[in-house]
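In this text, residue positions in the sequence shown follow UniProt numbering: the first is 1, and each later residue adds one.
All C-beta atoms in this analysis are idealised placements derived from N, C-alpha and C, irrespective of residue type, glycine included.
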Amino acid sequence: MMDVLFRKAEMSDIKQLVSMRIAYLIEDLGEEAVYQAHNLEQELTAFFHTHLNEDMDAFVAEYNGEIISTSFTAYYFRLPHPDFLKGTAGVPINGYTKPEFRKMGLAGSLLKMSAECAKKKGIELLNMEVTKKGLPVSKEIGFREINYTPVQMILKE
1 MMDVLFRKAE MSDIKQLVSM RIAYLIEDLG EEAVYQAHNL EQELTAFFHT HLNEDMDAFV
61 AEYNGEIIST SFTAYYFRLP HPDFLKGTAG VPINGYTKPE FRKMGLAGSL LKMSAECAKK
121 KGIELLNMEV TKKGLPVSKE IGFREINYTP VQMILKE
């Protein structure tokens with residue numbers, strides 16, 4: 001078994017976090033779409049400088065000093081509900097593992113780490129969308145399926 005270090009990301013990791021996010025987007029949207037987004041690297045860098053370890057956490061799996069898997073969780077508020085009276089919530093977003101390190105349990109370990117950290121912060125609810133491939137991993141650590149149809153509206157100027 002490889003000697004993988006699991007940890008919360010720090011500001012010194014931003015360059016690798018940006019690289020991992022771009023790799024995820026290329027795999028998800030295609031290279032052309034990503035490279036047509038001017039200033040994406042700059043915007044991601046600025047985003048991490050503003051949000052990392054503030055209203056968003058990143059968790060990484062590191063092997064030989066290289067980040068090989070990531071999991072991001074953004075925090076927000078919802079109106080209180082009987083299941084989450086304080087209205088504190090988080091959303092794990094776009095975990096990504098480099099292809100050569102997949103099927104090793106890295107994503108599940110990072111998601112579990114994310115949930116444990118959120119609980120320690122007083123977050124009452126984690127809510128996320130998963131792919132069919134990601135469903136078993138999320139269920140394994142305690143997420144449950146809910147029946148609703150996700151919709152979105154992109155607001156651009």
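For the 8 Å Cβ check, are there 3 or more pairs between the segment 41-48 and the segment 60-72? Not touching, per the Cβ criterion.
Please report the straight-line C-alpha distance between Pro92 and Phe77, rounded to a whole angstrom. Those two C-alpha atoms are separated by around 14 Å.
Roughly how many angstroms separate the alpha carbons of Leu29 and Met2, rounded to a whole number? So the alpha carbons of these two residues sit roughly 30 Å apart.
Report yes if the CB atom of Ala115 is closer than 8 Å to the CB atom of Ala58, and no otherwise. With a cutoff of 8 Å on beta-carbon distance, Ala115 and Ala58 are scored as not near each other.
Quick one, which of Val130, Thr88, Phe72, Leu125 has its alpha-carbon nearest Met113's? Looking at the Cα atoms, Phe72 is the closest of the given residues.
Beta-carbon contacts of Glu100 that lie in its chain and below 6 Å, excluding the five residues immediately before and after: Counting only Cβ-Cβ distances below 6 Å, and skipping sequence neighbours, we find nothing.
Can you say whether Arg144 is buried or exposed, counting buried as having 16 or more other CB atoms within 10 angstroms of its CB? Here Arg144 is exposed, its C-beta having fewer than 16 other C-beta atoms within 10 Å.
List the endpoints of the continuous alpha helix (DSSP H) containing Arg21. Unbroken alpha helix (DSSP H) run through Arg21: 14-29.
State the start and end residues of the unbroken alpha helix (DSSP H) segment that holds Glu116. From DSSP, the alpha helix (DSSP H) with Glu116 extends over 106-120.
With C-beta atoms as the reference, is Ser138 less than 8 Å away from Leu110? Leu110 sits away from Ser138, with the two beta carbons spaced by 8 Å or more.
Starting from the Cα of Glu129, find the closest Cα among Tyr148, Ile14, Ala118 and give me that residue. It is Tyr148 whose Cα lies nearest to the Cα of Glu129.
Mind checking Asp13: buried by the 16 CB within 10 Å criterion, or exposed? Sixteen is the threshold: when 16 or more other Cβ atoms of the shown chains lie within 10 Å of the Cβ of Asp13, as they do, the residue is buried.
Report yes if the CB atom of Asn127 is closer than 8 Å to the CB atom of Ala74, and no otherwise. Taking C-beta atoms as the reference points, Asn127 and Ala74 fail to come closer than 8 Å.
Could you work out which residue in Leu125, Ala118, Met11, Pro136 is closest to Lys103 when comparing CA atoms only? Taking only the C-alpha atoms, the option nearest Lys103 is Pro136.
Measure from the alpha carbon of Ile141 to the alpha carbon of each residue in Leu106, His38, Glu54, then state which is nearest. Comparing alpha-carbon positions, the option among Leu106, His38, Glu54 lying closest to Ile141 turns out to be Leu106.
Is Met11 near Leu52, with beta carbons less than 8 Å apart? Yes.
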